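Student:
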């Protein structure tokens, strides 16, 4: 049986079209989809499927290692922004019950003489999987290239120069989070699930097809809408930093990952969280403030807001 996508679907290749009408139609549909639902499915994104598959295989090997081995790569002093975070550590904001997941963070690599090398956490790499580093960084680069095109399209949708938001994400603290949702007894605990309802922290998130469905988004009507995981698509959503920057013109949509029905299987997913440069301003775009009104949010920097949110979810 063919599964159909439940959210708007766009093709990023249209943004590269030589035909102005095709390009403008993409910007409009992409922007309106984010404005309406906060979630859009993107095809033609340029991230090779074989690269996605290879990373899933490597991380399945990593998460199968024993707890002592995985624990060597935990980095609590950096707010667990890199390396391994154990099962049951993170919880959604305003929800004290931990999510039923473990995960690994990979961030940007800097030359040793870069000023940002001293400010951002350094990646750690598991000795047990030599192919891990090259394959994961290749995926990082491919996702980032795709993300910057999407940020340019959002800038245009908002009536800004196309490099307005991409420039904020230049050398940003973006991360891939590779998540393992194991089969566990916690499924029986009321109110506890693989990922409780939450909004993302960052500008936008790119989610390659997970190994199983389970993602649901909260519509403006207050209904939970399942979003299927379909190979070849990136599920793209906007986070709280985009919400602040745009004065809620582009919202951050609440979403969750529900526990499986029937015979449960492990689930793996690899969201790419696109963050600004740590010093980037999240001051509201003036054009997003209606005449005669004040901005809904006070100015802050990306790093100040990130640290606040990391404390709120229990990892810093």
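Residue numbers (UniProt numbering): 1 to 316.
All C-beta atoms in this analysis are idealised placements derived from N, C-alpha and C, irrespective of residue type, glycine included.
Note that the structure is a prediction, hence the values are computed from the model and not measured.
#1: Report the residue ranges of all alpha helix (DSSP H) runs contained in full by the UniProt domain "Fe2OG dioxygenase" (171–276); include only those spanning at least 4 residues, in chain order.
#2: Please return the same chain residues whose Cβ sits closer than 8 Å to the Cβ of residue 163, not counting the five positions on each side in sequence.
#3: Quick one: what does DSSP say residue 123 is sitting in, helix, strand or coil?
#4: So what's residue 117 in DSSP terms, helix, strand or just coil?
#5: Measure from the alpha carbon of residue 15 to the alpha carbon of each residue in 121, 27, 242, then state which is nearest.
#6: Would a C-beta distance cut-off of 7 Å place residue 282 and residue 310 closer than the cut-off?
#7: Using the Cβ count rule (16 or more neighbours within 10 Å means buried), how would you classify residue 3?
#8: Start and end of the alpha helix (DSSP H) containing residue 148?
#9: Give the list of continuous alpha helix (DSSP H) stretches no shorter than 4 residues that lie fully inside the stretch 51–104.
#10: Thinking just about the alpha-carbon of each residue, which of 185, 202, 292 is nearest to the one in residue 194?
#11: Across which residues does DSSP place residue 11 in a beta bridge pair?
#12: Should residue 74 be listed as close to the ligand MN, given that the test is whether its C-beta is under 6 Å from any heavy atom?
Tutor: Quick look at the numbers:
#1: 240–245
#2: Excluding residues within five positions, the ones whose Cβ falls inside 8 Å are 152, 155.
#3: coil
#4: helix
#5: 27
#6: Residue 310 sits away from residue 282, with the two beta carbons spaced by 7 Å or more.
#7: exposed
#8: Counting along the chain, the unbroken alpha helix (DSSP H) around residue 148 starts and ends at 132–157.
#9: Runs of the alpha helix (DSSP H) spanning 4 or more residues and lying entirely within the stretch 51–104 occur at 67–71, in chain order.
#10: 185
#11: When beta bridges are read from the DSSP output, residue 11 appears opposite 43.
#12: Judged by which ligands are present, the structure shown has none, so any question about the ligand MN falls away.
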